[in-house]
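Shown next, in structure tokens, is the structure this report addresses.
Numbering (this note's numbering), first residue to last: 15 to 94.
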């Protein structure tokens, strides 16, 4: 479950916010009613770095793709 904090309350209760994040509960801090930052424990962060972003890092780059479209002009379009 994610706990939501306003910036002011997060500042005032930072120690509690950190304790909850360390217990595995994701902490979301909002600014002016919109999500600003997420606080999570270091273990969860390390896992996301290892699994999530490595997928994108190892993905083929745009330059590596070959064109897959036929070289024709496409379909005929009726004029209005």
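Backbone N, C-alpha and C define an ideal beta-carbon position, used for all residues, glycine too.
Every value quoted in this text rests on a predicted model; they were computed, and no experiment measured them.
Query, Result
"With 16 other Cβ atoms within 10 Å as the buried cut-off, status of residue 29", "exposed"
"Reference residue 49, options 17, 92, 91, closest by Cα", "17"
"Three-state class that DSSP yields for residue 40 in the structure shown", "coil"
"Among 46, 56, 15, nearest to residue 3 - alpha-carbon criterion", "Since the first residue of the chain shown is 15 and the last is 94, residue 3 is not available in this structure."
"Limits of the unbroken alpha helix (DSSP H) element including residue 22", "21-26"
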